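> Counting in this note's numbering, the sequence shown runs from 1 upward without gaps.
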Amino acid sequence: MRKKIIIIIIGILVGLVSLLIIRWPASPIGTNAENIGMNATYHEQQGYEQFVKQLPQQTWNKMDLSHPFYMDKGGLHRVIRDCEAYITVSELLVNTEETEEENQKEPIEEPQPQEQRKQIALTFDDGPNDKSTVQILNVLQKHDVKATFFVLGINVVKHPEIVKQAAQQGHEIASHTWSHKNLTKLTPAQMHEEIDRASNAIFEAIGQYPTAYRPPYGAIDENVRNEIKVNSVLWNIDTMDWKHKTPAKTLESVKLHAKDRSVILMHDIHQETADALDAVIQYLKQENYEFVTIDELYQ
Numbered sequence: 001m002r003k004k005i006i007i008i009i010i011g012i013l014v015g016l017v018s019l020l021i022i023r024w025p026a027s028p029i030g031t032n033a034e035n036i037g038m039n040a041t042y043h044e045q046q047g048y049e050q051f052v053k054q055l056p057q058q059t060w061n062k063m064d065l066s067h068p069f070y071m072d073k074g075g076l077h078r079v080i081r082d083c084e085a086y087i088t089v090s091e092l093l094v095n096t097e098e099t100e101e102e103n104q105k106e107p108i109e110e111p112q113p114q115e116q117r118k119q120i121a122l123t124f125d126d127g128p129n130d131k132s133t134v135q136i137l138n139v140l141q142k143h144d145v146k147a148t149f150f151v152l153g154i155n156v157v158k159h160p161e162i163v164k165q166a167a168q169q170g171h172e173i174a175s176h177t178w179s180h181k182n183l184t185k186l187t188p189a190q191m192h193e194e195i196d197r198a199s200n201a202i203f204e205a206i207g208q209y210p211t212a213y214r215p216p217y218g219a220i221d222e223n224v225r226n227e228i229k230v231n232s233v234l235w236n237i238d239t240m241d242w243k244h245k246t247p248a249k250t251l252e253s254v255k256l257h258a259k260d261r262s263v264i265l266m267h268d269i270h271q272e273t274a275d276a277l278d279a280v281i282q283y284l285k286q287e288n289y290e291f292v293t294i295d296e297l298y299q
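1) Could you name the residues of the same chain whose beta carbon sits closer than 6 Å to that of residue 275, not counting the 5 residues immediately before and after it, in chain order?
2) State yes or no: is the C-beta of residue 157 within less than 8 Å of the C-beta of residue 201?
3) Does any C-beta atom of chain B lie closer than 8 Å to the C-beta of residue 266?
4) So what does DSSP say about residue 358, is it helix, strand or coil?
5) Check each candidate in 132, 128, 143, 130 and name the one with the smallest Cα separation from residue 285.
6) Report the rounded CA-to-CA distance for residue 176 versus residue 153, giving the unit in angstroms.
7) Does the contact criterion of 3 or more C-beta pairs under 8 Å hold for the stretch 209–223 versus the stretch 181–189?
8) List in chain order: all unbroken beta strand (DSSP E) runs of 3+ residues lying wholly within the stretch 127–182.
9) For the alpha helix (DSSP H) that contains residue 251, what are its first and last residues?
10) In terms of residues, what are the limits of the beta strand (DSSP E) holding residue 263?
11) Terminal residues of the continuous alpha helix (DSSP H) containing residue 217?
12) Could you tell me which residues DSSP pairs with residue 123 in its beta bridges?
13) Just the C-alpha distance for residue 265 and residue 123, rounded to the nearest angstrom, thanks.
14) How should residue 172 be labelled, buried or exposed, when 16 other C-beta atoms within 10 angstroms of its C-beta is the threshold for buried?
15) What span of residues does the beta strand (DSSP E) with residue 289 cover, start to end?
16) Do the CB positions of residue 174 and residue 137 come within less than 8 Å of each other?
17) Along the alpha helix (DSSP H) that carries residue 197, what are the first and last residues, could you check?
18) Report the three-state DSSP secondary structure of residue 286 (helix, strand or coil).
19) If you draw a straight line from the C-alpha of residue 287 to the C-alpha of residue 189, how long is it?
20) CB residue 289 to CB residue 120, shorter than 8 Å?
21) So who's on the other strand from residue 118, going by DSSP bridges?
22) When you compare each of 159, 146, 223, 118 to residue 127 by their alpha carbons, which one comes out closest?
23) Assign residue 256 to buried or exposed, taking buried as 16 or more other Cβ atoms, counted over all protein chains shown, within 10 Å of its Cβ.
24) For residue 294, name the three-state secondary structure that DSSP assigns.
25) Using a Cβ-Cβ cut-off of 7 Å (strictly less than) and excluding sequence neighbours within five positions of residue 129, which residues of its own chain qualify?
26) Taking 8 Å as the threshold (C-beta atoms), are residue 293 and residue 198 in contact?
27) DSSP three-state label for residue 231, please.
28) Using a Cβ-Cβ cutoff of less than 6 Å, which residues in the same chain neighbour residue 135 once the five nearest sequence positions on both sides are dropped?
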């Protein structure tokens, strides 16, 4: 009787041991899993990128990617936990302490693309004038704004120091001919006289010749273009300051028509234009315009 009891107990123990062996998640033969520290963990994305994608095509064809991958140094071919592929795990173990530290770091914000600023060119014709042009230069300097002055040769010789001051402040000095004659009504010789005399006066004042000119009244045709090889510059916003001579109307014209790469026409010989300039600049700055010279605009 005692032997039967012993045999039954031994049978139960054998059964329990067998059951434990079957259910125990043993490491595959040839692995070094027992040497892995408790602070190591499997990095799934890294495993996929570095190992699964590198498998031969024939292995891919046999794999059902809906099953998990069991990473094993030995590359065994027996099914464990419904896994169908076995690849090296040693390089996929990461330190959880380092991972936690990385997770705690603040995310790096990518720089946002800067908004492209609109450009606009302020231009002044017919000067210089010893009062209004000087006031305009002071306003421009106050706002750190650069402009382009299309000067008349006959006024340059009267006030060369004002032209020089404008150039020293970084403004562009261009030609508006010698005496504001309509070039389309002149002979070729007369055209060249108007351009050349103005260019020479500008050179005497600032030491360099102008690279652009504005034809008086905006009057230009093929004959003028063929004779005058200097770059001609017109405008696309006429404030009509010469006509209404009202600062508020000058500002309103700018508000209505300003857009990217606009060329604004004003006249620095009028006091009302000088009085309007501060408000014009403040408005354009609020609208995020960048002030450029004609040379900068057409680069």
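Cβ atoms here follow ideal geometry from the backbone N, Cα and C, with glycine treated the same way. Note that the coordinates shown come from a computational prediction; the quantities given were computed from them, not determined experimentally.
Put simply:
1) 247
2) Cβ distance < 8 Å, so residue 157 and residue 201 count as in contact.
3) You won't find chain B in this structure, because it holds only one protein chain.
4) No answer is possible for residue 358: it lies beyond the span of the chain, which begins at 1 and ends at 299.
5) 143
6) 8 Å
7) yes
8) Those beta strand (DSSP E) runs which fall completely within the stretch 127–182 and span 3+ residues are 148–151, 172–175.
9) 247–257
10) 262–267
11) Residue 217 -> no alpha helix (DSSP H), and no H or E assigned at all.
12) 148, 265
13) When rounded, the distance between both Cα atoms is 5 Å.
14) buried
15) Its beta strand (DSSP E) spans residues 289–291.
16) no
17) 188–206
18) DSSP places residue 286 in helix when its eight states are reduced to three.
19) 45 Å
20) yes
21) 289
22) Per the Cα distances, 159.
23) exposed
24) helix
25) 268, 269
26) No, they are not a contact pair.
27) strand
28) Excluding residues up to 5 positions away in sequence, 274 lie with their Cβ nearer than 6 Å to the Cβ of residue 135 in the same chain.
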